[in-house]
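Encoded as structure tokens, the structure appears first; notes follow it.
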Amino acid sequence: MKDDAESQRIIEIEIDVKYWTQSLPTAAQVRPGRCLGCGAPGVELGGTVVLHGHGVRGRSRWGPGESGETPEKGTLPQRRYECQRCGAVLVVRPRGVVRHRRYSAAAIVLALWLWSGGKQSDPEVREQVCVRAPSGVSRPERWTTLRRWAKAARDGALLSNVVGSRDWTLRACAERAARVVAALADATIVEPAMRAFAGAAHAR
Numbered sequence: 794m795k796d797d798a799e800s801q802r803i804i805e806i807e808i809d810v811k812y813w814t815q816s817l818p819t820a821a822q823v824r825p826g827r828c829l830g831c832g833a834p835g836v837e838l839g840g841t842v843v844l845h846g847h848g849v850r851g852r853s854r855w856g857p858g859e860s861g862e863t864p865e866k867g868t869l870p871q872r873r874y875e876c877q878r879c880g881a882v883l884v885v886r887p888r889g890v891v892r893h894r895r896y897s898a899a900a901i902v903l904a905l906w907l908w909s910g911g912k913q914s915d916p917e918v919r920e921q922v923c924v925r926a927p928s929g930v931s932r933p934e935r936w937t938t939l940r941r942w943a944k945a946a947r948d949g950a951l952l953s954n955v956v957g958s959r960d961w962t963l964r965a966c967a968e969r970a971a972r973v974v975a976a977l978a979d980a981t982i983v984e985p986a987m988r989a990f991a992g993a994a995h996a997r
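For the sequence shown, the numbering used here assigns the number 997 to the last residue and increments by one with no breaks.
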């Protein structure tokens, strides 16, 4: 997944997001091995800690916790570290966060799959992914966020390894992105929507 503006100082690790949220690892358990600012070791051979724990910062994580669960507004805690050599601040978190978006990667990819491969309507997808009830009366049958996500996937602004074509429909771009991510899921997961959701934990 693409990172935030501080992408060079964010470290995403492959760890189950639910486990991370429910049992946040200690600062020592996920301390980076090296500073991304100056290259100093996280802990020197003599035991001196160079990357000091610098607290926890919450980040929005909206959507269902699992495929089929009720979507909700959640917060993903992120471990922060400060380098005692150069002052750089590093952020450690599980994969599954999308730059400038409150919804989790899993929620976005699930929505793209339901809308494209699953052939579901906007209201059907919204009910399963969106944390907000529809507001207003203008075109209630259309969830514009889906198309924004599909355009981002087409342009390579959502997933770094997925780029579509402007000659494709947005649904085609959405389906390609969802299938690429679903291919990263554990082979034991068979149901397409669940594969799309699970694969997001491994996407870059």
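All residues carry an ideal CB built from backbone N, CA and C; glycine is no exception.
Excluding sequence positions up to five away, which residues of its chain have a Cβ less than 8 angstroms from the Cβ of A881?
Same-chain partners within the cutoff: R802, C828, L829, G830, C831, E875.
Using 10 angstroms around the beta-carbon of P916, count the other beta-carbons present and answer buried if the total reaches 16, otherwise exposed.
It is exposed - the Cβ of P916 has fewer than 16 other Cβ atoms within 10 Å.
Under 8 angstroms: do the segment 851-866 and the segment 957-972 share three or more Cβ pairs, one atom per stretch?
They do not touch, by the three-pair rule.
Identify the residues that DSSP records as bridge partners of I806: which are they?
Per DSSP, P887.
Which residue marks the beginning of the beta strand (DSSP E) containing E875, and which one marks its end?
E875 -> beta strand (DSSP E) spans 865-876.
Opposing strand residues paired with S853 [DSSP bridges]
Paired residue(s): T868.
Can you give me the Cβ contacts of R850 inside the same chain, cut-off strictly under 8 angstroms, excluding the 5 residues immediately before and after it?
Once the five neighbours on either side are set aside, the close Cβ partners of R850 are P870, Q871, R873, V884.
Test item: CB-CB of L963 and R997 under 8 angstroms:
Annotated as distal: L963 and R997, with beta-carbon spacing of 8 angstroms or more.
Determine the burial state of G957: buried for a count of at least 16 other Cβ atoms within 10 Å of its Cβ, exposed for fewer.
Buried.
Quick one, which of A950, V836, F990 has its alpha-carbon nearest A820's?
Nearest C-alpha to A820: V836.
Under 8 angstroms between C-beta atoms of L951 and W942:
Yes, these two residues count as a Cβ contact at 8 angstroms.
Measuring CA to CA, which of I808, Q815, C879, L817 is closest to P834?
It is C879.
Please identify the residue among V974, S897, W908, G867 whose C-alpha is closest to the C-alpha of S953.
Checking every option, the nearest Cα to that of S953 belongs to V974.
Neighbourhood of L817 by C-beta distance below 8 angstroms, restricted to the same chain and skipping five residues each side
Answer for L817: V849, P870, R872, listed in chain order.
Taking the CB atoms as reference points, tell me whether W813 and P887 lie closer together than 8 angstroms.
With respect to the 8 angstroms criterion, W813 and P887 are classified as neighbours on the basis of their beta carbons.
For L838, count neighbouring C-beta atoms within 10 Å of its own C-beta (all shown protein chains included) and say buried if the count is 16 or more, exposed if not.
Counting C-beta atoms within 10 angstroms of its own C-beta, L838 has fewer than 16 neighbours from the protein chains shown and is therefore classed as exposed.
In whole angstroms, what is the alpha-carbon distance linking E807 and E934?
Taking the straight line from one Cα to the other gives about 37 angstroms.
Which of helix, strand or coil DSSP assigns to G846:
The answer is strand: DSSP assigns G846 an E or B state.
Spatial neighbours of G867 in its chain, beta-carbon cut-off 6 angstroms, leaving aside the 5 residues before and after:
Close CB contacts of G867 within its chain, under the 6 angstroms cut and outside five residues either way in sequence, are with R854 (chain order).
Out of T938, S897, I804, A900, which has the shortest C-alpha to C-alpha gap to V823?
Nearest of T938, S897, I804, A900 to V823, Cα basis: I804.
Skipping 5 residues on each side, what residues in its chain have a beta carbon closer than 6 angstroms to that of H995?
Residues L977 of the same chain have their beta carbon placed closer than 6 angstroms to that of H995, with the five preceding and five following residues left out of the count.
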